[in-house]
Every structure is written in C-alpha cells, then in structure tokens.
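Sequence order for the protein chains is A and B.
According to the UniProt record's numbering, the first sequence is numbered sequentially starting from 1.
According to the UniProt record's numbering, the second sequence is numbered sequentially starting from 1.
Reviewing the structure listed below.
There are 2 protein chains.
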Amino acid sequence: MADAVLFEFLHTEMVAELWARRPDPSPGGQKTSLSVLEGMGFRVGQALGERLPQDTLAFREELDALKFLCKDVWVAVFQKQMDGLRTNHQGTYVLQDNDFPLLVRMASGLQYLEEAPKFLAFTCGLLRGTLNTLGIKSLVTASVAALPACKFQVVIQRA
Amino acid sequence: MADAVLFEFLHTEMVAELWARRPDPSPGGQKTSLSVLEGMGFRVGQALGERLPQDTLAFREELDALKFLCKDVWVAVFQKQMDGLRTNHQGTYVLQDNDFPLLVRMASGLQYLEEAPKFLAFTCGLLRGTLNTLGIKSLVTASVAALPACKFQVVIQRA
C-alpha cells in the first residue's frame, strides 16, 4: 500500500525542513542547502549500492552500470524505469525521466520552475553515490525544461 | 531489492543532518531537533493516513485504529508487524516492538541508550499523524529499556 510513497513523503519533508532552517536566504545559503541534500543523497546511494547483489559490482562496461541505474535502481526508488539513456561514448551520459515522481506534484505551473533544483539535488547525489560504490567516480547534474520531465547528466571522472 | 531499506537510510541521514546543523547543543537545542523530527513524522503520518483505503477511515472502535497501526502501517513502513499491543481500556495503549528497525544498528551497546530518543521522535510523530487522519487526537511518547526493543505509549486525547 503506502510504502511506495513513503520515500516521496519523507523527501518532501526533508526539502521543506532544510529550506525552513537555512540560516541564510541568499543564493549562497541556497547553494549550501543544495549541497547538503546532494550529500545526503550520495550517502544513501552508497548504502543502496552496497546492498546490490555482488555480481553487479563487477560490471565490465561503464554502460552496464548506467543501464543498471536506469532500470534496477530507478525501480527500487521510484517504482518505474528511466525513460531514456543517451551517451556521447566519451564518458557523458544523459538519463531522461519524462515524469519524475519528485517533480510531479509541483508540475502545475511554469512559475515553479525555479523551485525545481531543490527537488533534484538529493537524486543527483543518489546517482553519484551508487556509481561510486560501483567504482565509478562521476559528476551528476540535473536540468528541467518542462515539468515534470527532467534530465540527469552524468560525466564520468577518469582517474 | 533495496526499496525496503530506502526509508531507513533516509531516516538515518535526516537524523544525522538535523543533529549536525542544530545551532544549539544544549538540552534546549536537542529538544528543538526532536520536535522538528516529530513534526516531520506527523506530516508523513498524515499523508500516509490519507492514502489508506476509504473504509479504514470509519473505524468504529478506537482499538481497531490501534490494531491498524500495529499491522498495516507497521508493515508498510518497517516490513514487519508490531510485537505487542496492550491497553488499560481507558485510552492508553502501549505498542511494543522487540526489534525496532531504526534502533537495530545502534543496538551493539548500552552506552548508546542515551542516543535512542532521536531515533524514535520521527516514528512517534508518524503514529500521531496517522491517528490524526483517522480522527483520533493523541499524545505519543517512546521509551527504551533494552536496545533494540522499544515501547510507544499512545494516550488518546478526548475532546
């Protein structure tokens, strides 16, 4: 019943709480809250990654790890698969979700577009943390063109 | 796979973050952080309550609502049922969990007993919020005698 939405409710509360408590309403303060959310997502992603069956920890190809994020991880967290995955074959991947659950509720108006980053930061961290457990260092950013669709850009960091 | 533990990971991060950011390390500051967690739990509990099938909103007996918390709600959130439910038949209920998931990780030593309240506040709010959606006002507190067992005491507030 309700367990599938528990994560979503908790995430909403967490974002609201971090924004309510942020000591500094300036762009700098907003950046700090985003970093905090990203860091929380990273640690949750790491922990999720450690729960994966051992054989998935030996992905031969980088692309396999990204497909794993788009299918297994997305289903575990959001009960749906990612809608698209593209790559330039040079270490940059774009993951597209046409109906991102954490944005769906705010999708009623374009006026909320500027609010979108705070609903994406945790998930950017989650993707980065899971990849990290798989042995892949990355930078993950998100962008929104039309709510509730969004894109996550993953840039692999070579050693 | 991992979705069952997602709530637990996120809860852990939330507690850690609230304690790291608390501006005031005094007992008063600790009380504030506990209230914040309890409030977040309350709102998540309300939202969960609103997701329940409509017929559950018409519990004839108070005890039915408490049983519902012990079975359906506990399974939805923690994938297990509460281990015991007792009442004095005068509006006080004691719900016992012998192996409370949010305490299991810290159960390795009695020295952590004083840390327990911060891992219980959210869940106290969750119980109070769900009951509130069912039309029942209550006060919910928790106590720990031996980790990872704990008791939640629900006192119904009559109008």
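We treat Cβ as the ideally placed atom computed from N, Cα and C, and that holds for glycine.
As the structure is a prediction and not an experimental result, all values here were calculated from the model.
Residue environment, residue i, which counts as buried when at least 16 other CB atoms sit within 10 Å
{"i": "D64/B", "result": "exposed"}
{"i": "H11/B", "result": "buried"}
{"i": "G45/A", "result": "buried"}
{"i": "L139/B", "result": "exposed"}
{"i": "A145/B", "result": "exposed"}
{"i": "G129/A", "result": "buried"}
{"i": "M73/A", "result": "Per the sequence shown, residue 73/A should be read as Val rather than Met. Label assigned to V73/A: buried."}
{"i": "S35/B", "result": "exposed"}
{"i": "A16/B", "result": "exposed"}
{"i": "residue 172/B", "result": "Outside the shown range of chain B (1 to 159) lies residue 172/B, about which nothing can therefore be said."}
{"i": "A47/B", "result": "buried"}
{"i": "A159/B", "result": "exposed"}
{"i": "V154/A", "result": "buried"}
{"i": "E62/A", "result": "buried"}
{"i": "M1/A", "result": "Legend: pLDDT at M1/A = 40, less than 50; position of this residue unreliable, value from coordinates given subsequently. Exposed, because fewer than 16 other Cβ atoms sit within 10 Å of the Cβ of M1/A."}
{"i": "S33/B", "result": "buried"}
{"i": "A142/A", "result": "buried"}
{"i": "F9/A", "result": "buried"}
DSSP bridge partner residues for residue i (one or two, in chain order)
{"i": "I156/B", "result": "S138/B"}
{"i": "Q79/B", "result": "In DSSP, Q79/B forms no bridge with anything."}
{"i": "L95/B", "result": "L85/B and F152/B"}
{"i": "S143/B", "result": "K151/B"}
Cross-chain neighbours of residue i in chain B, by beta carbon under 8 angstroms
{"i": "M40/A", "result": "L10, E13, M14 and E17"}
{"i": "R43/A", "result": "F9 and E13"}
Contact list for residue i against chain B, beta-carbon separation under 7 angstroms
{"i": "A47/A", "result": "F9"}
Neighbour list for residue i in chain A, Cβ cutoff strictly below 7 angstroms
{"i": "V36/B", "result": "E17"}
Integer-rounded CB distance, given that residue j should sit under 8 angstroms from residue i
{"i": "A121/A", "j": "L37/A", "result": "4 angstroms"}
{"i": "P148/B", "j": "V77/B", "result": "Incorrect: roughly 16 angstroms between the Cβ atoms, too far for contact."}
{"i": "G41/A", "j": "G125/A", "result": "3 angstroms"}
{"i": "K118/A", "j": "W19/A", "result": "7 angstroms"}
{"i": "L85/B", "j": "L66/B", "result": "6 angstroms"}
{"i": "E13/A", "j": "R43/B", "result": "6 angstroms"}
{"i": "L6/A", "j": "F7/B", "result": "5 angstroms"}
{"i": "D97/A", "j": "M82/A", "result": "6 angstroms"}
{"i": "residue 192/A", "j": "F152/A", "result": "One cannot answer for residue 192/A here, as it falls past the ends of chain A, which runs 1 to 159."}
Heavy atom of the ligand MG within 7 angstroms of residue i beta-carbon
{"i": "Y112/B", "result": "Although the ligand MG was asked about, the structure shown includes no ligands whatsoever."}
(request) Note down, in chain order, all residues in the stretch 12-31 of chain A with a beta-carbon under 7 angstroms from any beta-carbon belonging to chain B. (result) Listed in sequence order: E13, M14, E17 and R21.
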